[in-house]
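Written below as structure tokens is the structure these notes are about.
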Amino acid sequence: MADPASITGRASIVDGDTIEIQGRRIRLNGVDAPETRQLCRDEKGATYRCGKTSADALDTFLASSRPTTCRILRHDRYRRLVGSCTRADGAEVAAWMVRNGHALDWPQYSRGAYAAEEAAAKKNRIGVWRGAFDPPWQWRKRSHR
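The sequence shown begins at 0 in numbering that gives the first Met the number 0 and counts up by one.
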């Protein structure tokens, strides 16, 4: 079956940068969120499950304006669909995740598309930027995932 150019429907959350619509997994293009098992430190140095926090934030954000539409751009190396997704109100999902510190701009894939959103989150110390964390791509490498 050929991949659709876009998919619209109620999104379920796989993790902080992957959703599922109509049984199809879609990776948000150009961003990387903390992994489900990843731990970060808050502003007081306490450990928290930043991957779960990221996924929960994505779920809440998408639930407030349904349905979600993803324009499919390509497949990643795991054969997942990669897309640019928006809520029913037109809000761009990846940009919101980065702007609110729940995901990072991934320049390797975004070409810096979300650099301004990341700089704002970092300056305002929100999301993962309120404390200490490893970028997800470094955490995965160290965790041998």
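Quick reminder that beta carbons are idealized off the backbone N, C-alpha and C, glycines included.
Neighbour-count burial assignment, residue i, 16 or more Cβ in a 10 Å radius
i, result
"Arg76", "exposed"
"Asn123", "exposed"
"Ser142", "exposed"
Reduced DSSP category for residue i - H, G, I as helix; E, B as strand; rest coil
i, result
"Tyr47", "strand"
"Thr85", "strand"
"Ala56", "helix"
"Ala32", "coil"
"Arg98", "helix"
"Ala4", "coil"
Residue i versus residue j: straight-line alpha-carbon distance, rounded
i, j, result
"Ser5", "His74", "13 Å"
"Gly130", "Arg65", "32 Å"
"Pro134", "Thr85", "24 Å"
"Gly89", "Arg24", "21 Å"
"Cys69", "Arg26", "10 Å"
"Lys121", "Glu91", "19 Å"
"Ala56", "Ser63", "11 Å"
"Asp41", "Ala114", "22 Å"
"Arg79", "Tyr47", "28 Å"
"Asp14", "Ala54", "5 Å"
"Ala45", "Ile125", "15 Å"
"Lys140", "Thr7", "33 Å"
Limits of the unbroken beta strand (DSSP E) element including residue i
i, result
"Val13", "11-14"
"Ser109", "Not the beta strand (DSSP E): Ser109 falls in the alpha helix (DSSP H), residues 106-109."
"Glu116", "Segment 114-123 is the alpha helix (DSSP H) holding Glu116; no beta strand (DSSP E) there."
"Arg26", "23-27"
"Glu19", "17-20"
Boundaries of the alpha helix (DSSP H) in which residue i is found, first to last residue
i, result
"Tyr63", "The amino acid at residue 63 is misidentified as Tyr; the sequence shows Ser. Run containing Ser63: none; DSSP gives neither H nor E here."
"Arg78", "Counting along the chain, Arg78 falls outside any alpha helix (DSSP H), and DSSP gives it neither H nor E."
"Arg129", "Note, Arg129: premise wrong, no alpha helix (DSSP H); not H, not E."
"Gln137", "135-142"
Short Cβ contact (8 Å threshold) for residue i with residue j
i, j, result
"Ala112", "Asp31", "no"
"Tyr108", "Gly29", "yes"
"Ile12", "Thr67", "no"
"Asp2", "Ile71", "yes"
"Trp95", "Phe60", "yes"
"Trp138", "Gly100", "no"
Residue i: CB within 7 Å of a non-hydrogen atom of the ligand ZN
i, result
"Gln21", "For the ligand ZN, the structure offers nothing, since it holds no ligand at all."
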